[in-house]
Amino acid sequence: MIRVLIADDHKIVRDGLKGILAANADLQAAGEAASGDEALALVKANDYDVVMLDMSMPGLSGMDLIKRLRIEKPKLRILVLSMHGERQYAARALKAGASGYLNKDSAADMLVGAIRKIAAGGVHITEAAAATLLQAGEKSPHEALSDREFEVLRLLAEGLGPTQIGEKLHLSVKTVSTHKTRILEKLGLGSTAELVRYALDNKLI
Numbered sequence: 003m004i005r006v007l008i009a010d011d012h013k014i015v016r017d018g019l020k021g022i023l024a025a026n027a028d029l030q031a032a033g034e035a036a037s038g039d040e041a042l043a044l045v046k047a048n049d050y051d052v053v054m055l056d057m058s059m060p061g062l063s064g065m066d067l068i069k070r071l072r073i074e075k076p077k078l079r080i081l082v083l084s085m086h087g088e089r090q091y092a093a094r095a096l097k098a099g100a101s102g103y104l105n106k107d108s109a110a111d112m113l114v115g116a117i118r119k120i121a122a123g124g125v126h127i128t129e130a131a132a133a134t135l136l137q138a139g140e141k142s143p144h145e146a147l148s149d150r151e152f153e154v155l156r157l158l159a160e161g162l163g164p165t166q167i168g169e170k171l172h173l174s175v176k177t178v179s180t181h182k183t184r185i186l187e188k189l190g191l192g193s194t195a196e197l198v199r200y201a202l203d204n205k206l207i
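The following block contains the structure:
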């Protein structure tokens with residue numbers, strides 16, 4: 003039996019995922035979390051085989067959450083379920099410690115297959131994402147950003163201000179502003195408006 007923790011801040015998504023797992027005798031929804039902090043607490047207190055993880059949840063989230071989960075339980079397998087484009091995010095998620103990355107638009111049978119594959123020790127990404135990861139010498143400017151800068155970029159592009167970003171990522175407003183300055187420099191952009199356009203053009207939001 004593969005014990006799965008479902009971590010997503012939308013109840014309707016969690017309920018849907020539980021329904022998919024329930025239809026398979028070898029899969030069990032062994033817990034659910036509505037925030038990154040809740041997911042981390044559950045992982046500390048219980049043993050799961052796989053965590054299905056949304057990238058954008060209240061509190062601790064994204065790459066930071068993946069890294070923290072792996073520190074707590076090094077053998078834990080993590081499958082990222084996200085609305086964000088796989089080609090833009092899969093490499094960072096895998097580098098942070100995830101075992102697979104799947105877009106939320108994927109079919110139920112693909113999800114079940116991905117859970118079984120990573121529970122058995124494999125890695126799951128689509129062929130399109132794998133091809134992107136193998137392309138050498140064609141890196142986009144945003145790939146030079148640190149994970150923290152990448153998170154700040156995404157939140158800025160989604161319309162959050164420095165104060166809101168600071169609260170979400172547990173950073174000071176000054177630190178967020180410093181990250182923003184570095185992001186603009188690395189991407190060769192002059193304003194937040196240009197940053198939003200860059201994010202849209204590169205399907206980062």
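No gaps in the numbering here: position 126 of the sequence shown is 128 in the working numbering, and each next residue is one more. Yeah, the Cβ is synthetic: ideal placement off N, Cα and C, and Gly gets one too.
Coarse secondary structure for residue i, derived from DSSP in three states
| i | result |
| --- | --- |
| V6 | strand |
| G124 | coil |
| G102 | strand |
| H181 | helix |
| L189 | helix |
| I14 | helix |
| H172 | coil |
| L206 | coil |
| E145 | helix |
CB contact flag (residue i, residue j, <8 Å)
| i | j | result |
| --- | --- | --- |
| K188 | A122 | no |
| I127 | A92 | yes |
| R118 | G99 | no |
| A41 | L7 | yes |
| E151 | I185 | yes |
| T183 | V175 | no |
| V114 | L19 | no |
Expected contact under 8 Å - CB spacing of residue i and residue j to nearest Å
| i | j | result |
| --- | --- | --- |
| L155 | H144 | 7 Å |
| K13 | V45 | Actually they are not in contact, since the Cβ atoms of K13 and V45 sit about 20 Å apart, beyond 8 Å. |
| I4 | D51 | 5 Å |
| D11 | D56 | 7 Å |
| A110 | I22 | 5 Å |
Residue i CB to nearest heavy atom of the ligand ATP below 7 Å
| i | result |
| --- | --- |
| D66 | You won't find the ligand ATP in this model; it holds no ligand whatsoever. |
Residue i at chain D interface by Cβ criterion, 8 Å
| i | result |
| --- | --- |
| A32 | As a matter of chain content, chain D is missing from the structure shown, which is built from one protein chain. |
Inset, instruction - Counting only runs of 3+ residues fully inside the region 27-91, write out the beta strand (DSSP E) ranges in chain order. - result: When DSSP assignments are scanned along the region 27-91, the uninterrupted stretches of beta strand (DSSP E) that are 3 or more residues long and fall wholly within it turn out to be 29-35, 52-56 and 79-84.
Inset, instruction - May I ask you to verify whether the region 60-77 touches the region 101-109, counting CB pairs closer than 8 Å and requiring at least 3? - result: With a cut-off of 8 Å, the region 101-109 and the region 60-77 do not count as touching, because too few Cβ pairs lie within range.
Legend entry - Meets three-Cβ-pair contact criterion under 8 Å: the region 15-34 and the region 59-67: The region 15-34 is not in contact with the region 59-67.
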